[in-house]
Amino acid sequence: MTVITVNTPQGRLSLEERRTLAETLTDAVLVPEVGQFAPAARAGFQVHFVEREPDMMAIGGRLLADGGAGLDVMVIDVAVMDGDWRREVRAEVIERVLTALAEACGLPAPSPAWWVNFRVIDEGSWGSGGGALSILTLLDSGVFTEEKAKAIRTAMGA
Numbered sequence: 237m238t239v240i241t242v243n244t245p246q247g248r249l250s251l252e253e254r255r256t257l258a259e260t261l262t263d264a265v266l267v268p269e270v271g272q273f274a275p276a277a278r279a280g281f282q283v284h285f286v287e288r289e290p291d292m293m294a295i296g297g298r299l300l301a302d303g304g305a306g307l308d309v310m311v312i313d314v315a316v317m318d319g320d321w322r323r324e325v326r327a328e329v330i331e332r333v334l335t336a337l338a339e340a341c342g343l344p345a346p347s348p349a350w351w352v353n354f355r356v357i358d359e360g361s362w363g364s365g366g367g368a369l370s371i372l373t374l375l376d377s378g379v380f381t382e383e384k385a386k387a388i389r390t391a392m393g394a
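With the first letter of the sequence shown counted as 1, position 104 gets the number 340 in the numbering used here; the numbers rise by one all the way through.
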């Protein structure tokens, strides 16, 4: 289970950009998480788009409604199940997310006012379908590479 929340000013992303990002942000996290492109794993990913009025966001101490509107502000929160999230894997996800955003928005590079938060939810702290979930039960699903499954087991002490 992975949840990606994209917080933007109202109207920042078009419907077409959101359609593109629903797929590309999923894949930006999915590939490092399972070790390969695995379309079957997409079912465990959600992307939420949250738009806020300009008077509900500020940067540099100024509401966007008060003249900070020229800044291209976004905050993307990536919440993942515990697993193989070494520093370099987290960095790869953050870079992939920023690249996907820039490409979907038709920009040559991400804005310096786009921030990505990466959060790992502790084992046993996810729930769905009436119970708690574990990354360990998903390792035999066929979507993880053998190398990634081994790295997750090692990271989890299993």
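Glycine included, every Cβ here is placed at the ideal spot set by N, Cα and C.
- Message: So, at 6 Å on beta carbons, what are the nonlocal neighbours of residue 240 in its own chain, with the 5 sequence-adjacent residues on each side left out?
- Response: The count along the sequence shown starts at 1 and reaches residue 240 at position 4. Contacts found: 261, 283, 314.
- Query: Roughly how many whole angstroms lie between the Cα atoms of residue 331 and residue 308?
  - Reply: Taking the sequence shown and counting its residues from 1, one reaches residue 331 at position 95. Taking the sequence shown and counting its residues from 1, one reaches residue 308 at position 72. Rounded to whole angstroms, residue 331 to residue 308 spans 18 Å at the Cα level.
- Message: Going by DSSP, what residue range makes up the alpha helix (DSSP H) through residue 289?
- Response: Working through the sequence shown from its first residue, we reach residue 289 at position 53. Neither: residue 289 is in no alpha helix (DSSP H) and is coded neither H nor E.
- What is the DSSP secondary structure of residue 391, reduced to helix, strand or coil? Your numbering for residue 391 matches position 155 in the sequence shown. Correct three-state label for residue 391: helix.
- Item | Helix, strand or coil at residue 381 [DSSP, three-state] | Position 145 of the sequence shown, counted from the first residue, corresponds to residue 381. Here residue 381 sits in coil by DSSP.
- Query: Which residues bound the alpha helix (DSSP H) around residue 265?
  - Reply: Here residue 265 refers to the residue found at position 29 when the sequence shown is read from its first residue. Here the alpha helix (DSSP H) through residue 265 covers 251-270.
- Query: Is it the case that the Cβ atoms of residue 245 and residue 290 are separated by a distance below 8 Å?
  - Reply: Translated into positions along the sequence shown, residue 245 becomes position 9. Translated into positions along the sequence shown, residue 290 becomes position 54. It is a contact, given that the beta carbons lie within the stated cut-off.
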